[in-house]
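Peer 1:
In my numbering, the protein residues as written are 163 to 398.
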């Protein structure tokens with residue numbers, strides 16, 4: 163059992179700067195005594211609640227000297243540097259989640275950051291301790307790739323109606339697939355079937371809203387990649 167403990171006590175006047183991340187899922191709060199606290203809000207609603215508690219939204223006149231900055235562009239640049247060289251088409255979805263894959267050494271879900279681009283889904287390990295700290299080349303990479311698949315390798319999406327924040331991806335991946343792929347080529351260009359294996363990913367989101375958004379994005383990208391509807395199955 164984790165017991166709560168007080169890490170610090172401050173007045174609103176001690177607040178100097180707040181950094182927000184992609185999707186408002188991480189906040190770093192800087193105080194006048196040069197300490198900083200990282201909040202993993204994981205949903206935009208929780209982030210807005212934290213900002214409201216800090217009076218940045220509710221009573222802005224009390225925190226008029228506080229700098230509210232976005233770290234989104236820096237995260238995108240770090241993603242391009244560490245994972246994919248070009249994101250000309252942008253990011254269609256970014257979200258923290260709990261992740262499991264069938265060939266993982268761990269049996270339990272682990273926290274990851276998922277990024278959907280035009281032709282790929284990347285599951286990344288995000289070094290959140292460096293969030294807001296402007297890492298240089300002497301530091302470990304901010305993003306490192308755990309898993310990656312092309313959109314057209316999705317064989318089926320299984321939605322568990324008993325757990326509305328959880329879904330399973332069934333993938334038909336090439337044995338060498340795992341690096342970032344930006345190609346949206348038709349599945350007819352695949353090599354012989356013996357070079358492909360079936361993989362299972364379990365994705366547990368922090369809100370049903372994000373799960374539904376993920377499915378909507380996949381439907382649009384999948385239909386453009388393979389000219390057929392995304393195969394979605396619901397189980398109960």
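Backbone N, C-alpha and C define an ideal beta-carbon position, used for all residues, glycine too.
Am I right that residue 244 and residue 304 are in contact with their C-beta atoms under 8 Å? What's the rounded C-beta distance?
Peer 2: Indeed, because the Cβ distance is near 6 Å, the residues count as touching under 8 Å.
Peer 1: Taking residue 255 as the reference, which of 207, 358 and 185 has the closest Cα?
Peer 2: Looking at the Cα atoms, 185 is the closest of the given residues.
Peer 1: Which class does residue 382 belong to by DSSP, given the choice of helix, strand or coil?
Peer 2: Helix, per DSSP.
Peer 1: Going by the CB atoms, is the gap between residue 187 and residue 197 shorter than 9 Å?
Peer 2: Cβ atoms of residue 197 and residue 187: not closer than 9 Å.
Peer 1: Consult DSSP for residue 349 and reduce its assignment to one of helix, strand or coil.
Peer 2: Per-residue confidence for residue 349 stands at a pLDDT of 43, beneath the threshold of 50, marking its modelled position as unreliable; no derived number is given.
Peer 1: Rounded to a whole number of angstroms, what is the C-alpha to C-alpha distance between residue 397 and residue 176?
Peer 2: Taking the straight line joining both Cα atoms gives about 51 Å.
Peer 1: Rounded to a whole number of angstroms, what is the C-alpha to C-alpha distance between residue 384 and residue 168?
Peer 2: Computed Cα separation, rounded: 47 Å.
Peer 1: Only counting the same chain, and skipping five residues up and downstream in sequence, which positions put a Cβ closer than 8 Å to that of residue 395?
Peer 2: Result list for residue 395: 318, 319, 320 and 321, in chain order.
Peer 1: List, from N- to C-terminal side, the beta strand (DSSP E) runs of 3 residues or more that fit wholly inside the segment 260-343.
Peer 2: Counting whole runs of 3 or more residues, the segment 260-343 contains the beta strand (DSSP E) stretches 272-278, 282-288, 305-312, 316-322 and 328-336.
Peer 1: Using C-beta distances below 6 Å, list every residue in its chain close to residue 262, excluding the 5 sequence neighbours before and after it, in chain order.
Peer 2: If we look at residue 262 and ignore the five residues flanking it on each side, its Cβ neighbours are 271 and 364.
Peer 1: Rounded to the nearest angstrom, what separates residue 330 and residue 260 at their Cα positions?
Peer 2: Their Cα atoms are separated by approximately 12 Å.
Peer 1: Taking the Cβ atom as the reference point for each residue, do residue 380 and residue 316 lie within a distance shorter than 9 Å?
Peer 2: Contact flag set, yes.
Peer 1: State the DSSP-derived secondary structure class of residue 191, mapped to helix, strand or coil.
Peer 2: Reduced to three states, the DSSP call for residue 191 is strand.
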